[in-house]
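Each residue of the sequence shown is one higher than the one before, starting from 0 at the first, in numbering that gives the first Met the number 0. Heads up, the beta-carbon is just placed ideally off N, CA and C, and yes, glycines get one too. Worksheet: one structure, shown below.
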Amino acid sequence: MTADLAIKALSNPSLVHIFGDTTLEFPSTSEYAERYRLFHPEAIFQIARNDDQNFYDVCDDIGPPARMMRWCCSMFKTGPITRIINSLYGSEQILTFYGIRKSESVSRSKYNRIEDSADAVKIKQQTVASPIFFWKDIEIWLYILAEGIDFNNAYRLGYDRVGCWCCPNNNIRAQFLSRIYMPEKAKAWRSFLLDFASRIGKLDPEVYVDTGKWKARQGGNGLPSANDVKIRFTNCTAEDHAKIYRLVRSFDDELVGMFTPFGRVAPELGKKLLKEVIVLDSRTNVPILSLQPFFQDGYDYAVKVRTMNVADHDDLQRMVGYQIRKFNACRKCLKCESICRAGAISISSAGYYIDPDKCVHCKACMKAKYLDGGCTMDKYLRTK
Ligand code: SF4
Ligand code: SF4
Ligand code: SF4
0 MTADLAIKAL SNPSLVHIFG DTTLEFPSTS EYAERYRLFH PEAIFQIARN
50 DDQNFYDVCD DIGPPARMMR WCCSMFKTGP ITRIINSLYG SEQILTFYGI
100 RKSESVSRSK YNRIEDSADA VKIKQQTVAS PIFFWKDIEI WLYILAEGID
150 FNNAYRLGYD RVGCWCCPNN NIRAQFLSRI YMPEKAKAWR SFLLDFASRI
200 GKLDPEVYVD TGKWKARQGG NGLPSANDVK IRFTNCTAED HAKIYRLVRS
250 FDDELVGMFT PFGRVAPELG KKLLKEVIVL DSRTNVPILS LQPFFQDGYD
300 YAVKVRTMNV ADHDDLQRMV GYQIRKFNAC RKCLKCESIC RAGAISISSA
350 GYYIDPDKCV HCKACMKAKY LDGGCTMDKY LRTK
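Laid out in structure tokens, this is it:
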């Protein structure tokens, strides 16, 4: 319906339509998308889908999504859509239309009808317009029926909102309908949740799953992966402003590249025997960081990071900690790609890469305002 309004308002049937296929869609959603593509041949139709990750595998590792921990939205929806937008428009600012409505949820009620603040939009180069933001259900249906617009068949089955079939935000009615209309998927999901509940030490897994307590889960209690987000360091006794950070794997080029947002990464300026790398401040070209692979009792792998020529060493070490956390805990949720307006960050099976030729050193990927703790996994895997 939003597409219909945008096409009519702009008198342009050739707008770009992006179907974010989370891999958790109702069968009727994919059928509807296909019908839309067939009956709107002038529309530029793209499918955004993350085939590099498997939803169940990630659930095994970091736990199923919960109401306050919807990691899959970034990994399977916003991230793949960002990639399509980047491939079409690079770092240009674009106007997108969303079909969200104020009355849908408490969190949505706090959005604005037109949103372009970097703090609020999920994909940074977007200005988001939501033309039906204030519309009520009855108004939506009157418009759809009066204009004869096709719609997702899931509404005919009784769903009042159509998203992912196993979303922790789904209400009891949607869960009930899914047990009827997709019994195999619903059964497999319940069985996964029961197994997960046992693994994290719940004494009564059936109650935990069937009363919906799993949806209120917070953090990574009981998960081995929670170990990756804790930043462990010791202060170097031999040098001022130097910390030795535990790494979960050995010092490598991926770790060094994580320091690109600070400025120019210059291995040639470091002491070769120590494999030291120097980082020059992006504005002043003065050395501000020294990185060095290190051996530390109690850590299998470690890096020593020394800060220099700055007024606030603690602030710089805080941001260093954020990058160490990314290196140790990244689960490729793609949030970093969505945050970077310059399109400098790419995350693939080869790892986390920041293109030094594209990075404009805005440091958005290291600001708590956009990425608390430097990595979403801090929130999803933190333990009490
Ligand atoms: S809608 Fe729900 S299940 Fe789907 S990606 Fe978002 S949080 Fe995950
Ligand atoms: S967000 Fe800013 S600092 Fe981070 S990689 Fe992108 S351009 Fe560089
Ligand atoms: S570093 Fe963290 S926030 Fe960034 S993509 Fe990886 S998991 Fe997501």
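query, result
"Put Leu94 into one of helix, strand or coil per three-state DSSP.", "strand"
"Using only the heavy atoms of ligand 2, determine whether one of them is closer than 8 Å to the beta carbon of Pro260.", "yes"
"So what's Leu222 in DSSP terms, helix, strand or just coil?", "coil"
"Run the CB neighbour count on Asn85, radius 10 Å, all protein chains shown included, and call it buried at 16 or more, exposed below.", "buried"
"Would you mind stating whether Gly320 and Phe261 have Cβ atoms separated by less than 9 Å?", "no"
"Please classify Lys186: does DSSP put it in a helix, a strand, or coil?", "helix"
"Residues around ligand 2, please: the condition is that the C-beta lies closer than 6 Å to some non-hydrogen atom of it.", "Pro260, Ile338, Cys339, Ala341, Ala343, Ile344, Ile353, Cys358, Val359, His360, Cys361, Lys362, Ala363, Cys364"
"For Gln124, count neighbouring C-beta atoms within 10 Å of its own C-beta (all shown protein chains included) and say buried if the count is 16 or more, exposed if not.", "buried"
"Which residue wins for smallest C-alpha separation from Ile171, given the options Glu183, Leu144, Tyr142, Val208?", "Val208"
"Just tell me which of Ile148, Ser108, Ile139, Gly157 has its CA closest to the CA of Phe38.", "Ile148"
"What first and last residue would you give for the beta strand (DSSP E) that runs through Asp56?", "That residue, Asp56, is in no beta strand (DSSP E); its alpha helix (DSSP H) goes 54–61."
"Look at the alpha carbon of Phe191 and the alpha carbon of Asp50, and state the distance between them as a whole number of angstroms.", "21 Å"
"CB-CB under 7 Å to Ser13, same chain, minus the five flanking residues each way: which ones, in chain order?", "Glu41, Ala42, Ile43"
"Rank Arg330, Leu370, Ile99 by C-alpha distance to the C-alpha of Asp136 and give the top, closest one.", "Ile99"
"Taking DSSP as the reference, what is the three-state secondary structure of Glu33?", "helix"
"On the DSSP letters alone, give me the boundaries of the alpha helix (DSSP H) that Pro79 sits inside.", "78–88"
"Flag Leu23 as yes when its Cβ comes closer than 8 Å to any non-hydrogen atom of ligand 3, and as no otherwise.", "no"
"Looking at chain B, is there any beta carbon in it that lies within less than 9 Å of the beta carbon of Arg248?", "Of the protein chains in the structure, only one exists, and it is not chain B."
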